[in-house]
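Protein chains: 2
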Amino acid sequence: MWDSLRDGLSKGDVQALARTISLVENEAPGCAPFLASLKLASIPIIGITGPPGAGKSTLTDALIEQYIGQEKKVAVICIDPSSPFNRGALLGDRIRMSHWYNHPGVFIRSLASRGSLGGLNPKVIEITDVLKASVYDVILVETVGVGQSEVEVAGLADVTVVTIVPEAGDEIQTMKAGLMEIADVFVVNKADRPGADTFVNNLRQMLAPAYARKQMEIPVIQTIASEKKGIDTLHNAIEHVLQYKEKNNLRDLLLAEKLWALIQKKRMEGLNKEMLLEKIKNQHHRNLYILLDVITKESL
Amino acid sequence: MWDSLRDGLSKGDVQALARTISLVENEAPGCAPFLASLKLASIPIIGITGPPGAGKSTLTDALIEQYIGQEKKVAVICIDPSSPFNRGALLGDRIRMSHWYNHPGVFIRSLASRGSLGGLNPKVIEITDVLKASVYDVILVETVGVGQSEVEVAGLADVTVVTIVPEAGDEIQTMKAGLMEIADVFVVNKADRPGADTFVNNLRQMLAPAYARKQMEIPVIQTIASEKKGIDTLHNAIEHVLQYKEKNNLRDLLLAEKLWALIQKKRMEGLNKEMLLEKIKNQHHRNLYILLDVITKESL
Chain P
0 MWDSLRDGLS
10 KGDVQALART
20 ISLVENEAPG
30 CAPFLASLKL
40 ASIPIIGITG
50 PPGAGKSTLT
60 DALIEQYIGQ
70 EKKVAVICID
80 PSSPFNRGAL
90 LGDRIRMSHW
100 YNHPGVFIRS
110 LASRGSLGGL
120 NPKVIEITDV
130 LKASVYDVIL
140 VETVGVGQSE
150 VEVAGLADVT
160 VVTIVPEAGD
170 EIQTMKAGLM
180 EIADVFVVNK
190 ADRPGADTFV
200 NNLRQMLAPA
210 YARKQMEIPV
220 IQTIASEKKG
230 IDTLHNAIEH
240 VLQYKEKNNL
250 RDLLLAEKLW
260 ALIQKKRMEG
270 LNKEMLLEKI
280 KNQHHRNLYI
290 LLDVITKESL
Chain F
0 MWDSLRDGLS
10 KGDVQALART
20 ISLVENEAPG
30 CAPFLASLKL
40 ASIPIIGITG
50 PPGAGKSTLT
60 DALIEQYIGQ
70 EKKVAVICID
80 PSSPFNRGAL
90 LGDRIRMSHW
100 YNHPGVFIRS
110 LASRGSLGGL
120 NPKVIEITDV
130 LKASVYDVIL
140 VETVGVGQSE
150 VEVAGLADVT
160 VVTIVPEAGD
170 EIQTMKAGLM
180 EIADVFVVNK
190 ADRPGADTFV
200 NNLRQMLAPA
210 YARKQMEIPV
220 IQTIASEKKG
230 IDTLHNAIEH
240 VLQYKEKNNL
250 RDLLLAEKLW
260 ALIQKKRMEG
270 LNKEMLLEKI
280 KNQHHRNLYI
290 LLDVITKESL
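Below, the structure written as structure tokens:
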């Protein structure tokens, strides 16, 4: 089975791809050696995040069109939050992108975030690697900006694009530093709204300390995604960041982060929190270090 | 050495306490058996978080006064972000609380967050446990709301108090869901500002889905911390949450989360990301699963 799936992947068979992703997501037996047997293309992952209502899906839509216009094949992963917040708005987003579902150069897959605080899907590293073993030229990962997914995407994507809108102007002072710190590119979408220029200038000033730390400029791009305006400029900025990261071995640094996450997951296999809770309840003194010692000895 | 420190802790010797915290923070040899030998009191940890400028330090200050008025001893941990943002404002906060530094019933310690995205200090679980082996009746942990620390505090504190101000009114729709999901108690501070009542009503409506999920009401308390107004009510709300969590074994659930974090840290000991980066650079194919397999076999 795995051999024929690998074969299907390399030929761009969409059904094989969809099936492989499901098997990997559910940790089917044989999954680990299968992943180790894949030849992975060094294609970029572009993360697109930002608060709800910033137009991330419209922007993703416009980026797909851009890549398709260059005769590139595009894979898109949408992370749906498990959080009870903003679910309605999100479904609306998904529908907007649907006209790409049947295009032969585009593969779209939604994944549920499974962490309680709305992070990425626990298998997203493996799933994007499956895509790298197929025929695609670029992977877009769209995460709705609720919970942790907007920060976690920086651990997955070679380029993280943070999308915001000018209305957010007054909030800039209290904008979560997390977003500031993960952005490789800022998009100010709906840039025809009043106050957009002032907003962009303020944002550039706010970003100055981050420039210094990252030793690279963080471009601020104005777009009107619904009219496809500014998408060329955004695409160029993304390419520029990619080249910079390639030249400075920063893409390998990201791989090291991913390897760390994979090792951690592997080393925690077979443990679960319910089990730990039972152990704690059976102990009078509530001293975790005694339990830590017991569990460490058990696993040796 | 460790024996006399343990003795000092149990007698409330502040110098022994400060020295123990430093040794634990730096993982001095003998630290693990020392921690396992401690008798930990089941005192509550109260986390206080929220965006910069919400008045967290003034609120912490007022809470200290409240506990001291009840003849309780209070330990306070302030997490200073390693993030380059808001550093100035933060120092201002610290100074405001300084008149408690010499009070015999109060112990205050600042810890640096060491994670790149401004999380909590990596040893904060162990350090709060050291405090539990001393003479204190309650531990307050104040984290400035930049980066990840505001979400991570929920994994440390028995009661998480999220502080915001009415000016944030327009932002409520885009307020990060993380804050909504971790809050056990909301404080609307500076509640004498115009629009405060409307803000509180909107917030209560927004919280309705979270009520349903948590199966407990999340109280919204109005305070003017600088005038000590509303602090009684806040204190009662905190006590109420504590009793609820105690009754429903939710405090043990938190301990299970902490044990999980401790095991994870222990199992990743001896690995670092620089080492992984070297391994990746020496590999042609950039397939992480081959490396994962190699590293798993090495550690057996």
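Taken in order, these protein sequences are the chains called P and F.
The first sequence: position 10 = 9 (numbering that gives the first Met the number 0), numbered continuously.
The second sequence: position 255 = 254 (numbering that gives the first Met the number 0), numbered continuously.
Quick reminder that beta carbons are idealized off the backbone N, C-alpha and C, glycines included.
Note that this is a predicted model, so its numbers are computed, not measured.
Beta-ladder partner(s) of P/T162, from DSSP: The residue given as residue 162 of chain P occupies position 163 in the first sequence. According to DSSP, which records beta bridges pairwise, P/T162 is partnered with P/V186.
Chain P beta carbons: is any one of them nearer than 7 Å to that of F/D183? By 1-based counting over the second sequence, the position of residue 183 of chain F is 184. Cβ-Cβ to chain P under 7 Å: no for F/D183.
For P/Q221, count neighbouring C-beta atoms within 10 Å of its own C-beta (all shown protein chains included) and say buried if the count is 16 or more, exposed if not. The residue you call residue 221 of chain P lines up with position 222 of the first sequence. Buried.
Relative to the C-alpha of P/T19, which residue among P/K246, P/E256, P/P165 and P/V123 is closest? On the first sequence, residue 19 of chain P is found 20 positions in, with the first residue counted as 1. Nearest option by C-alpha distance: P/V123.
Mind checking if F/Y243 is an interface residue toward chain P, Cβ cutoff 7 Å exclusive? Residue numbering aside, residue 243 of chain F sits at position 244 when the second sequence is read from its first letter. No, because no Cβ of chain P sits closer than 7 Å to the Cβ of F/Y243.
Kindly give me the distance between the Cβ atoms of P/K264 and P/G54, rounded to whole angstroms, as I take these residues to be in contact under 8 Å. For the purposes of this step, residue 264 of chain P is taken as residue 265 along the first sequence, with counting starting at 1. For the purposes of this step, residue 54 of chain P is taken as residue 55 along the first sequence, with counting starting at 1. P/K264 to P/G54, Cβ: 33 Å. No contact.
Using the three-state DSSP reduction, which class does F/Q14 fall into: helix, strand or coil? By 1-based counting over the second sequence, the position of residue 14 of chain F is 15. F/Q14: helix per DSSP, three-state reduction.
Please list the partners that F/W259 has in chain P, where partner means a Cβ-to-Cβ separation under 7 Å. In the second sequence, residue 259 of chain F corresponds to position 260, counting from 1. In chain order: K272 and L275.
Secondary structure at F/Q263, three-state DSSP: helix, strand or coil? Residue 263 of chain F sits at position 264 when you count from the first residue of the second sequence. Note: F/Q263 maps to helix in three-state DSSP.
If you measure from the beta carbon of F/D157 to each beta carbon in chain P, is any gap under 7 Å? Residue 157 of chain F sits at position 158 when you count from the first residue of the second sequence. No, no contact with chain P.
On the DSSP bridge list, what partners appear for P/G46? Residue 46 of chain P sits at position 47 when you count from the first residue of the first sequence. Per DSSP, P/V140 and P/T159.
Buried or exposed for P/N248, going by 16 or more other Cβ atoms inside 10 Å? Position 249 of the first sequence, counting from 1, holds the residue named residue 248 of chain P. Label assigned to P/N248: exposed.
Could you give the distance in angstroms between the alpha-carbon of F/V159 and the alpha-carbon of P/L276? By one-based count along the second sequence, residue 159 of chain F stands at place 160. By one-based count along the first sequence, residue 276 of chain P stands at place 277. What sits at residue 159 of chain F in the sequence shown is Thr, not Val. Distance between the alpha carbons of F/T159 and P/L276 is about 21 Å.
Is the separation between the beta-carbon of F/I44 and that of F/A153 shorter than 7 Å? Position 45 of the second sequence, counted from the first residue, corresponds to residue 44 of chain F. Position 154 of the second sequence, counted from the first residue, corresponds to residue 153 of chain F. No, these two residues do not count as a Cβ contact at 7 Å.
Is there a Cβ of chain P sitting closer than 7 Å to that of F/N188, yes or no? In the second sequence, the residue the question calls residue 188 of chain F occupies position 189. Taking Cβ atoms only, chain P never reaches closer than 7 Å to F/N188, which makes this a no.
Flag this pair as yes or no: are the beta carbons of F/L261 and P/L291 separated by less than 7 Å? For the purposes of this step, residue 261 of chain F is taken as residue 262 along the second sequence, with counting starting at 1. For the purposes of this step, residue 291 of chain P is taken as residue 292 along the first sequence, with counting starting at 1. It is a contact, given that the beta carbons lie within the stated cut-off.
Is the Cβ of P/M267 closer than 7 Å to any Cβ of chain F? Within the first sequence, the letter at position 268 stands for residue 267 of chain P. Yes, P/M267 counts as interfacial toward chain F.
Mind checking if P/L348 is an interface residue toward chain F, Cβ cutoff 7 Å exclusive? There is simply no residue 348 of chain P to check, as chain P begins at 0 and stops at 299 in what is shown.
Classification of F/N25 by the beta-carbon crowding that lies within 10 angstroms, buried from 16 upward: As a working note, residue 25 of chain F is residue 26 in the second sequence. Burial call: exposed.
Taking P/I289 and F/A35 to be in contact with their CB atoms under 8 Å, please state how far apart those CB atoms are, rounded to whole angstroms. The count along the first sequence starts at 1 and reaches residue 289 of chain P at position 290. The count along the second sequence starts at 1 and reaches residue 35 of chain F at position 36. Confirmed, about 5 Å.
From F/L90 to F/G49, what distance separates their C-alpha atoms? The sequence position of residue 90 of chain F within the second sequence is 91, counting from 1. The sequence position of residue 49 of chain F within the second sequence is 50, counting from 1. Per-residue confidence for F/L90 stands at a pLDDT of 49, beneath the threshold of 50, marking its modelled position as unreliable; no derived number is given.
Taking C-beta to C-beta, are F/V347 and F/V137 nearer than 7 Å? The structure shown does not extend to residue 347 of chain F, since chain F spans only 0 to 299, so no value can be given for it.
Give the DSSP bridge partners of P/K228, in chain order. Position 229 of the first sequence, counted from the start, is the residue given in the question as residue 228 of chain P. Answer is P/I223.
Where F/P28 and P/S41 are concerned, what is the direct C-alpha to C-alpha distance, given to the nearest angstrom? Taking the first residue of the second sequence as 1, we reach residue 28 of chain F at position 29. Taking the first residue of the first sequence as 1, we reach residue 41 of chain P at position 42. About 44 Å.
Could you tell me whether any Cβ in chain F is nearer than 7 Å to the Cβ of P/L89? The residue given as residue 89 of chain P occupies position 90 in the first sequence. Since pLDDT at P/L89 reaches only 48, below the 50 mark, its modelled position is unreliable, and no value is offered.
Out of P/V140, P/M0 and P/S9, which one is the CA nearest neighbour of P/I107? Within the first sequence, numbered from 1, the residue matching residue 107 of chain P stands at position 108. Taking only the C-alpha atoms, the option nearest P/I107 is P/V140.
Between the Cα of F/L267 and the Cα atoms of P/L258, P/E273, P/D196 and P/K272, which residue gives the shortest distance? Counting from one through the second sequence, the residue named residue 267 of chain F turns up at place 268. Looking at the sequence shown, residue 267 of chain F is not Leu but Met. Out of P/L258, P/E273, P/D196 and P/K272, P/L258 has the C-alpha closest to the C-alpha of F/M267.
Cβ of P/L287 within 7 Å of any chain F Cβ: Here residue 287 of chain P is taken as the residue at index 288 of the first sequence, counted from 1. It does: the Cβ of P/L287 has a partner Cβ on chain F nearer than 7 Å.
Going along chain P, which residues have a C-beta under 8 Å from F/H284? Your numbering for residue 284 of chain F matches position 285 in the second sequence. Correct list: K38 and L39.
Whole-angstrom distance between P/Q14 and P/V105, CA atom to CA atom: For the purposes of this step, residue 105 of chain P is identified with residue 106 of the first sequence, where counting begins at 1. For the purposes of this step, residue 14 of chain P is identified with residue 15 of the first sequence, where counting begins at 1. If you take the alpha carbons of P/V105 and P/Q14, they lie about 13 Å apart.
Distance, F/S148 Cα to P/L206 Cα: Here residue 206 of chain P corresponds to residue number 207 of the first sequence, with the count starting at 1. Here residue 148 of chain F corresponds to residue number 149 of the second sequence, with the count starting at 1. Those two C-alpha atoms are separated by around 21 Å.
Suppose you measure from the CA of P/L202 to the CA of P/P32; what does that come to, to the nearest Å? Within the first sequence, numbered from 1, the residue matching residue 202 of chain P stands at position 203. Within the first sequence, numbered from 1, the residue matching residue 32 of chain P stands at position 33. About 46 Å.
List the endpoints of the continuous beta strand (DSSP E) containing P/I126. Within the first sequence, the letter at position 127 stands for residue 126 of chain P. Note, P/I126: premise wrong, no beta strand (DSSP E); alpha helix (DSSP H) at V123 to K131.
Pick from P/G46, P/K246 and P/M215 that is closest to P/V143, judged by C-alpha positions: Position 144 of the first sequence, counted from the first residue, corresponds to residue 143 of chain P. Looking at the Cα atoms, P/G46 is the closest of the given residues.
Going along chain P, which residues have a C-beta under 8 Å from F/K280? Walking along the second sequence from the start, residue 280 of chain F turns up at place 281. Simply N248 and D251.
What are the start and end residues of the beta strand (DSSP E) that includes F/L110? For the purposes of this step, residue 110 of chain F is taken as residue 111 along the second sequence, with counting starting at 1. V105 to A111 is the span of the beta strand (DSSP E), which, as asked, contains F/L110.
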